[in-house]
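Q: The listed protein sequences derive, respectively, from chains U and D.
For the first sequence, numbering that gives the first Met the number 0 gives the first residue as 0, with consecutive numbering after it.
For the second sequence, numbering that gives the first Met the number 0 gives the first residue as 0, with consecutive numbering after it.
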Amino acid sequence: MFETIISAFTLFATFENAIALFIGVVFGVVIGAIPGMTTPMGVALALPFTFTMQPVTGILLLLGVYKGGLYGGSITAILINAPGTPAASCTGLDGYPLAKKGEARRALDMALYASCTADFISNLSLIFLAGMLASFALKFGPPEFFTLIVFSLTIIAGVSGDDLLKGLGSACLGLVLATIGLDLVYGSNRFIFGEYQLMSGLNFIPVLIGLFALPEVFNFYATKAKGHEISALAGLSASFSDYTKNLKSIIRGSLIGVSLGAIPGIGGAPAAFLSYSEAKRTSPKGENFGKGELEGVAAAEAGNNGVAGATLIPLLALGVPGDIITAIILGAFMIHGLRPGPLLFQDNINLIYALFMGIMLSSAYLFVVGKLSIRAIAKIADVPHRILFPVVLVLCVFGAYAINNTIFDVLVMFIMGIFGYGMRLLGIPAAPFLIAFILGPLLEDNFRQALLLGKGDFTIFVRSYITWFFWALTALTVGAMTYQRIKGKRNVLADG
Amino acid sequence: MREWINPNTITGAVYLALGLFLVLVLIPVGIDEPGNVEFAVLAPSYWPRIICLVLAALGTGMLVRFWMNKRGGAVDPEAQTSPFKGLLLWRVGVVIGGTFVLYYVLEPLGFVLAGTLALALLLLFAGERRPIHVALISIGVPMLLYLFFTKAASIPIPAGVLEPILL
Numbered sequence: 000m001f002e003t004i005i006s007a008f009t010l011f012a013t014f015e016n017a018i019a020l021f022i023g024v025v026f027g028v029v030i031g032a033i034p035g036m037t038t039p040m041g042v043a044l045a046l047p048f049t050f051t052m053q054p055v056t057g058i059l060l061l062l063g064v065y066k067g068g069l070y071g072g073s074i075t076a077i078l079i080n081a082p083g084t085p086a087a088s089c090t091g092l093d094g095y096p097l098a099k100k101g102e103a104r105r106a107l108d109m110a111l112y113a114s115c116t117a118d119f120i121s122n123l124s125l126i127f128l129a130g131m132l133a134s135f136a137l138k139f140g141p142p143e144f145f146t147l148i149v150f151s152l153t154i155i156a157g158v159s160g161d162d163l164l165k166g167l168g169s170a171c172l173g174l175v176l177a178t179i180g181l182d183l184v185y186g187s188n189r190f191i192f193g194e195y196q197l198m199s200g201l202n203f204i205p206v207l208i209g210l211f212a213l214p215e216v217f218n219f220y221a222t223k224a225k226g227h228e229i230s231a232l233a234g235l236s237a238s239f240s241d242y243t244k245n246l247k248s249i250i251r252g253s254l255i256g257v258s259l260g261a262i263p264g265i266g267g268a269p270a271a272f273l274s275y276s277e278a279k280r281t282s283p284k285g286e287n288f289g290k291g292e293l294e295g296v297a298a299a300e301a302g303n304n305g306v307a308g309a310t311l312i313p314l315l316a317l318g319v320p321g322d323i324i325t326a327i328i329l330g331a332f333m334i335h336g337l338r339p340g341p342l343l344f345q346d347n348i349n350l351i352y353a354l355f356m357g358i359m360l361s362s363a364y365l366f367v368v369g370k371l372s373i374r375a376i377a378k379i380a381d382v383p384h385r386i387l388f389p390v391v392l393v394l395c396v397f398g399a400y401a402i403n404n405t406i407f408d409v410l411v412m413f414i415m416g417i418f419g420y421g422m423r424l425l426g427i428p429a430a431p432f433l434i435a436f437i438l439g440p441l442l443e444d445n446f447r448q449a450l451l452l453g454k455g456d457f458t459i460f461v462r463s464y465i466t467w468f469f470w471a472l473t474a475l476t477v478g479a480m481t482y483q484r485i486k487g488k489r490n491v492l493a494d495g
Numbered sequence: 000m001r002e003w004i005n006p007n008t009i010t011g012a013v014y015l016a017l018g019l020f021l022v023l024v025l026i027p028v029g030i031d032e033p034g035n036v037e038f039a040v041l042a043p044s045y046w047p048r049i050i051c052l053v054l055a056a057l058g059t060g061m062l063v064r065f066w067m068n069k070r071g072g073a074v075d076p077e078a079q080t081s082p083f084k085g086l087l088l089w090r091v092g093v094v095i096g097g098t099f100v101l102y103y104v105l106e107p108l109g110f111v112l113a114g115t116l117a118l119a120l121l122l123l124f125a126g127e128r129r130p131i132h133v134a135l136i137s138i139g140v141p142m143l144l145y146l147f148f149t150k151a152a153s154i155p156i157p158a159g160v161l162e163p164i165l166l
């Protein structure tokens, strides 16, 4: 064992590995911070550079991009409300209101601290729990996924604001929009109306940018007099006490991220929303969530980044990629003649340990790169609004196009912008719409796949102890939220 | 009658109308139902129909709630406020109209030229009056974005009429 670790350290401790990982993290943060550039796109762009590298160096470069991208996605979500990834949109729920209050830097700092902590915990879980979690994750079938997503959706009640009916309606609109495209089971057209570009459904990023960033631009023009002045938004950094106060939510979010990340196909968004939901439910400042609560940023980022190391668990332990990024990393393994899975642990254990060492170093790099980037990027918040918002609009146009190289996505973004502004005027919360739109396809696909397995019998949804576990959690959460709402109304009546 | 025009009732009416429109018109027209559906719950229209019915029910609920509050004399604070109060909506209209013009000229003019023109107009409309700032930002930002996406990220961005110069 000791010899293996020494051998792995020799394999890892090279100048090339250290530099490749660092460059990967920097590249990932930059890519994640640009609307329109996604982390999978960044990892794919970096892949050709790994062909001539040693296997460990190449894979570490890709892992660096992956980890940097997860954090980078939160930067624009906080600063200009244009999330770079679906998961980062959860960070924006509180991050952007904080930036508007002049606490952009504090929010960015907290996002970074939560990201690094969650990343570290996720890496540890990868190292120590890979085998165990991978075998548990394999027990998840469509009914289990469905109940898990239902549980994740309970957050809608929490982010609906004062009017639950409005919030639920907003979620329904998100679910309807998520049904556009080819039907999964029969391959039938749904709401395509001859537009072939709708066959694969609406792309997340133009919808997110349209729904969140453009209404801010429109609102700036509608209330020009107020938004005209220069505002020193960058503000102060997050303190150590900010970090310790939110540590509970960060650790809980990290564990949620680890648990969901180990399940192939789930990804960062449900983890971020679930972590956010749990933090909101348990926090004494729960009513401030969505209005600029630092704990909301911490919880969302912890959930999102907790996934990072854990998604490598099924990849390394079973050779099963959990998402697009790990599928690309699997490709990198195969290019170098390696096949992740149990055999890799037998034949190339020193390579696995070398990767683990690199992964641990990536958390430290993320912290350094994040801190340096915040100093530079937080200056964006000091740009006068009369310059910032027009630039944001043009940036959104380039970003929306770059996703799929199609002008259609720009149109989708503009339409969603108008839709989002209409929602804003009517006081319809955008968060339930967003959550439902992101989780909707997962929910419906697993619902129908489960019923297909169960031959139309709904008892499939209570077939295993995992489904029962999630139904119980859902019932408990809904019950607790209902109780809190009733209690809140009674308090208002008693006060007034 | 005027008290019925407020954000909550408008939202309720929109939910109801949209839910019914989807169930009665868009779902039958926009979803192709295969002939070999084994179980009704697996039909492609089953899931959207359920959601739309819930949407319509939520809209109805919002309208009924307002009507009951009104009958009971309960004051709905939102009923007193117009969602459009204090907003310069004509300015939003101009910007939205402008975005659609931008959409149509993006490919023929190219992202750099269209972005430059759009940015210059948006900056002026936002109140930026320093000509050097307007010129530098409106030329520099689209150019930098173009160079980043095409050269650094290898993502082709239409150059339009500037193609001979930019490529």
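Note that CB positions come from ideal geometry on N, CA and C, so glycine has one too.
Quick caveat, the model's predicted, so the values are computed rather than measured.
1. Do U:L441 and U:I148 have their beta-carbon atoms positioned less than 7 Å apart in this structure?
2. Using the beta-carbon of each residue, which ones in chain U are nearer than 8 Å to D:T10?
3. Tell me the DSSP secondary structure of U:L201 in three-state form.
4. Who are the near neighbours of U:G68 in its chain, counting only those whose CB is closer than 6 Å to its CB and skipping five residues on each side?
5. Tell me, please, whether the stretch 87-101 of chain U touches the stretch 381-393 of chain U by the rule of three or more beta-carbon pairs shorter than 8 Å.
6. Beta-carbon of U:A231 versus every beta-carbon of chain D: anything under 7 Å?
7. When you compare the CB positions of U:F190 and U:I204, do they come within less than 7 Å of one another, or not?
8. Here's the rule: buried if 16 or more other CB atoms are within 10 angstroms of the residue's CB, otherwise exposed. What is U:R66?
9. Roughly how many angstroms lie between the CA atoms of U:G226 and U:P96, to the nearest whole one?
10. Fully enclosed by the stretch 125-195 of chain U, which beta strand (DSSP E) runs are 3 residues long or longer?
11. Hey, how far is the Cα of U:I376 from the Cα of U:A270?
12. So D:V140 contacts chain U; which residues on that side make the cut at Cβ distance below 8 Å?
13. For U:G173, count neighbouring Cβ atoms within 10 angstroms of its own Cβ and tell me buried if that reaches 16, exposed if not.
14. Pick out whichever of D:L101, D:G92, D:A42 has its Cα sitting closest to the Cα of D:T115.
15. For chain D, check one thing: does any of its Cβ atoms lie closer than 7 Å to the Cβ of U:I459?
16. What does U:V184 reach in chain D if we use C-beta pairs closer than 8 Å?
17. Under 7 Å, Cβ to Cβ, is there at least one residue of chain D near U:T310?
18. What does D:I30 pair with, by DSSP beta-bridge criteria?
19. Can we say the stretch 210-217 of chain U touches the stretch 68-82 of chain U, given the rule of at least three CB pairs closer than 8 Å?
20. Do U:A298 and U:G336 come within 7 Å of each other at the CB atom, strictly closer than that value?
21. Could you confirm whether any beta carbon from chain D is found closer than 7 Å to the beta carbon of U:I485?
22. For U:S199, count neighbouring Cβ atoms within 10 angstroms of its own Cβ and tell me buried if that reaches 16, exposed if not.
23. Considering only residues of the same chain and omitting the five flanking positions on each side of U:S362, which have a CB-CB separation below 8 Å?
24. If you measure between the beta carbons of U:G166 and U:S159, is that distance less than 7 Å?
25. Going along chain U in order, which residues have a C-beta closer than 9 Å to the C-beta of D:M67?
26. Using CA atoms only, rank isn't needed, just tell me which of D:M142, D:L41, D:F20 is closest to U:N445.
27. Consider the Cβ of D:W3: report whether some Cβ of chain U lies at a distance smaller than 7 Å.
28. For chain D, is any of its Cβ atoms less than 7 Å away from the one on U:E228?
29. Under 8 Å Cβ to Cβ from U:I250, same chain only, skipping five residues before and after it: list those, please.
30. Alpha carbon to alpha carbon, what distance is there between U:G419 and D:V53?
31. Taking Cβ to Cβ, would you say U:T466 is nearer than 7 Å to U:F460?
32. For a test of the three-state rule: what should DSSP assign to U:S230, helix, strand or coil?
33. Output the boundary residues of the alpha helix (DSSP H) element that contains D:K84.
34. Between which residues of its own chain and U:G23 is the CB-CB distance below 6 Å, once the five residues before and five after are set aside?
35. Could you give the distance in angstroms between the alpha-carbon of U:L232 and the alpha-carbon of U:A103?
36. Name the chain D residues whose beta carbon is nearer than 9 Å to that of U:N188?
A: Concretely, from the data shown:
1. yes
2. K165, G168, L425, G426, I427
3. coil
4. G27, I30, G31, T38, G41
5. no
6. Annotation note: pLDDT 45 at U:A231 (below 50); position unreliable, coordinate value reported separately. Closer than 7 Å: no.
7. no
8. Residue identity differs from the one stated: residue 66 of chain U is Lys in this sequence, not Arg. The residue is buried, with at least 16 neighbouring Cβ atoms inside 10 Å.
9. Confidence at U:G226 is low in this model, with a pLDDT of 46, below 50, so its placement is unreliable and no value can be given for it.
10. none
11. 26 Å
12. V390, V393, L394
13. buried
14. D:L101
15. no
16. L41, P43
17. no
18. U:R189
19. yes
20. no
21. no
22. exposed
23. K66, C115, D118, F119, N122
24. yes
25. Result: empty, since nearest Cβ-Cβ is about 13 Å, beyond 9 Å.
26. D:L41
27. no
28. The pLDDT assigned to U:E228 is 46, lower than 50, so where the model puts this residue is not dependable, and the model offers no usable value.
29. T116, I120, A301
30. 21 Å
31. yes
32. With a pLDDT of only 45 at U:S230, under the threshold of 50, the placement of this residue in the model should not be trusted; the figure read from the coordinates follows. Three-state DSSP puts U:S230 in coil, outside helix and strand.
33. No alpha helix (DSSP H) contains D:K84, which DSSP labels as neither H nor E.
34. L60, G63, V64
35. Here U:L232 scores only 47 on pLDDT, less than 50, and its place in the model is too uncertain to base an answer on.
36. G29, I30, D31, P43
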